[in-house]
Every structure is written in C-alpha cells, then in structure tokens.
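Undergrad: Mapping of the sequence shown onto mature numbering (1 follows the signal peptide of the UniProt record, and there is no 0): residues -24 to -1, 1 to 285, in sequence order. Below are the structure tokens for one structure; questions will follow.
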Amino acid sequence: MRRIMKSPALFALLIMLVPAAAEAHTVIPFVSTPVTPPRGWWWLIAAFALASGVIDWHALKGLGVQTWRFILLQVKCVVLLFACLFIIGAPIHFFSGQLLPTPIPFGRAFYHTPTLFDLIPFLSWNALGLILFRVFKKRLYRNVGLAPGPMHTSLIRRAEMLYVGLLIPFLATNALTHGWLGPRIHQACERNLELIGEGLVGYANAHGGNLPQATITADVMPAVEPYLPDFARGAELYICPVEELCRRKPRTYIWNASFAGASLDENAKPPSTGPVMKCPADHGDVPAPKLNLADLFRLRQEASSKPAD
C-alpha cells in the first residue's frame, strides 16, 4: 500500500476501479485529458506535447540524442497515447449509449443533478491517461538509452506532474461541462429558447397574430429583437451555451422555415408537427431543448394574463 500511495500512476488506478458513468464530449470520445481536449481546444495537444518535449530535452541533452530521433519519439508517444484513449473510448461510448440499458464506466455524457460522483468520470479518464503516459514515457527513455536510475525516476515524476498540472486548463475549458456545469448549461439553453419564444409572441401580437416571414435563424432574430426583454436585447440568444463552449464555430438554433408567417391562432392548422426552433448541440443523455408551438401558445397565454404596466 505504501508503494501504491507513492506512485501517482498506481494510485490513480484505484480511482479507476470505482464504478461510475463516465463522460465524453461528442460521439467520438474527446475526453477531458491533456491529449484529448474538448472540441475547439485542439491547440492544447500541441502545448502538451511541446511542454513534455522541452522537459525531456533539457534533461537529456547531455546524452547526445539525435534531435530528429528525439522529436520523432516524442510525437510517437503522444500519438500512441491519444490512439489508446480513442480505441478504448470509442466502442465503449457506442455500446453504452446505444445497446446497454444503463451507462457503464467510461460511458456516455450525462446531464443530471450534480453530485460529487460527477467528478469520478473525469478522474477515471485521466487516471487511464496518466498510466498510459507513464508507460510510453518509460519506453521513450529506454529508446534514447537512459538506463533506470535517479534521472529516469526523476523524469517519470516530472512527466506525471506535467500531466496532472495540465489538467487545470481542461477544468477551465469545458472539462466538467458534463458534470457540475452540465445542468446549468442545459438550463441556460432552455432559457435562451424561452426568451426567443417571448420575442416571437411579441412579434405575433404586433403583426396580426403571425410569426415572422423568415427562412433562417439569422432572419428571425432581427424581427424579434424589439420584443425581447431589455436585458436580452443584443445578447446572442440564438447560440446554445454548449455550442459556445465546445465548438470553434458555434452553430445557431435551427428555425423551422415551415412556420414562416404562420398564425398563432390555436384553432388554425399548424404548418408542421415539428418544433418551431431547436438546438443543434449534443446535450448528452437528455434531449436537446426545443421550442414547440405549444410553448408559444403557453407564453402567449402567460403574457395576456399579466397585468398591464
């Protein structure tokens, strides 16, 4: 036990043994590790590889290692680490999400009431990453001719601390989006659509009960802007917070063009059975929020029942 506690990699293995539903950021498991960052943060892979290489080069430059060979080994180390996490994560993510009744360890993303156990998936993936990183680093040091000894042990410790230290950017850039932050982001998306719904109702009330003549979201927002609450005007309500966090080029909500110019009369035949507007983002195990025609009827009823200012 004392030896296990001294080794971060072995101690991390204990964390992996705790059963929990784990998380991934998309269908392909862009899990929150220094080698598999959230979407839009791929530059962190380069930062991770560069930091790892600089530390090793500074310690090994006296061994006469050829520069090209050293760079090749460093790149190989990071590529193998990513490949292992991908190979492990992809099938587990697929099977846990589509064939199994409940998530299994390293399974799909989730949004629910946040608990302490939401941190376990993050720790589990990174325990695996830390162990693999240690294994590949050992192979790299052997390949450059570094014999086991104090320097070898010191470099392994540095590699482990580098990995752990680089977790901080991921905690700050969406690493726990599917854990503690997930429910709040999901609620923010629902609130955005609710506010857009209020704007659509306001527009309809001022235009004979009809929705805007718009074919895309970019045409809808200028039309409803004057009817939004003061605090919401000028805000990018048409972009889901999940998209803002996870994508370099966030997608907007999707407007159903079938509702262009449609009447909000409850007795009129709806032009479509689909939602008026929906979110394109992946919200994990819960459906992405939608703004339905029934929601507009509800918002219109609520607006009419409010006392006039």
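Think of the CB as a built atom: it goes at the ideal place given N, C-alpha and C, for glycine as much as any other residue. For clarity, every value in this text was computed on a predicted model and none was experimentally measured.
Is it a yes or a no for the region 130 to 144 touching the region 166 to 176, going by three-plus beta-carbon pairs under 8 Å?
TA: The region 130 to 144 vs the region 166 to 176: no contact.
Undergrad: Give the C-beta separation of Arg134 and Ile31 to the nearest angstrom, bearing in mind that I take them to be a contact with Cβ-Cβ under 8 Å.
TA: For the purposes of this step, residue 134 is identified with residue 158 of the sequence shown, where counting begins at 1. For the purposes of this step, residue 31 is identified with residue 55 of the sequence shown, where counting begins at 1. Yes, Arg134 and Ile31 are in contact; Cβ-Cβ is about 5 Å, under 8 Å.
Undergrad: Thinking Arg276 and Leu240 are a contact (beta carbons under 8 Å), I'd like their distance in whole angstroms, please.
TA: The residue given as residue 276 occupies position 300 in the sequence shown. The residue given as residue 240 occupies position 264 in the sequence shown. Yes, they are in contact, since the Cβ atoms of Arg276 and Leu240 sit about 6 Å apart, within 8 Å.
Undergrad: For Ile230 and Asp206, I'd like the C-alpha separation in whole angstroms.
TA: Against the sequence shown, residue 230 aligns to sequence position 254. Against the sequence shown, residue 206 aligns to sequence position 230. Looking at the two C-alpha atoms, the distance is approximately 24 Å.
Undergrad: To the nearest angstrom, report how far apart Asp271 and Lys254 are at their CA atoms.
TA: Taking the first residue of the sequence shown as 1, we reach residue 271 at position 295. Taking the first residue of the sequence shown as 1, we reach residue 254 at position 278. Taking the straight line from one Cα to the other gives about 12 Å.
Undergrad: Excluding the five sequence neighbours on either side, which residues of its own chain have a C-beta within less than 8 Å of the C-beta of Asn232, listed in chain order?
TA: By one-based count along the sequence shown, residue 232 stands at place 256. Once the five neighbours on either side are set aside, the close Cβ partners of Asn232 are Ser248, Gly250, Pro251, Val252, Met253, Lys254.
Undergrad: Rounded to the nearest angstrom, what separates Ile80 and His183 at their Cα positions?
TA: Position 104 of the sequence shown, counted from the start, is the residue given in the question as residue 80. Position 207 of the sequence shown, counted from the start, is the residue given in the question as residue 183. Bear in mind that a pLDDT of 36 at Ile80, under 50, signals an unreliable position, so the model cannot answer this.
Undergrad: What separation, rounded to the nearest whole angstrom, lies between the Cα atoms of Gly105 and Leu213?
TA: Walking along the sequence shown from the start, residue 105 turns up at place 129. Walking along the sequence shown from the start, residue 213 turns up at place 237. Cα-Cα distance, rounded: 37 Å.
Undergrad: Using the beta-carbon count (16 or more within 10 Å), is residue 291 buried or exposed?
TA: Outside the modelled stretch of the chain, which goes from -24 to 285, sits residue 291, for which no answer is possible.
Undergrad: What are the start and end residues of each continuous alpha helix (DSSP H) run of 4 or more residues lying completely inside the region 208 to 257, in chain order?
TA: Runs found: 217 to 222.
Undergrad: Would the beta-carbon of Gly237 fall within 7 Å of that of Asn186?
TA: In the sequence shown, residue 237 corresponds to position 261, counting from 1. In the sequence shown, residue 186 corresponds to position 210, counting from 1. Their beta carbons are under 7 Å apart, which means Gly237 touches Asn186 by this criterion.
Undergrad: State buried or exposed for Ala85, treating a residue as buried only when at least 16 other CB atoms are found within 10 Å of its CB.
TA: If you number the sequence shown from 1, residue 85 lands on position 109. With a pLDDT of 37 at Ala85, under the threshold of 50, the predicted position of this residue should be treated as unreliable, though the coordinate-derived value follows. Flag for Ala85 reads buried.
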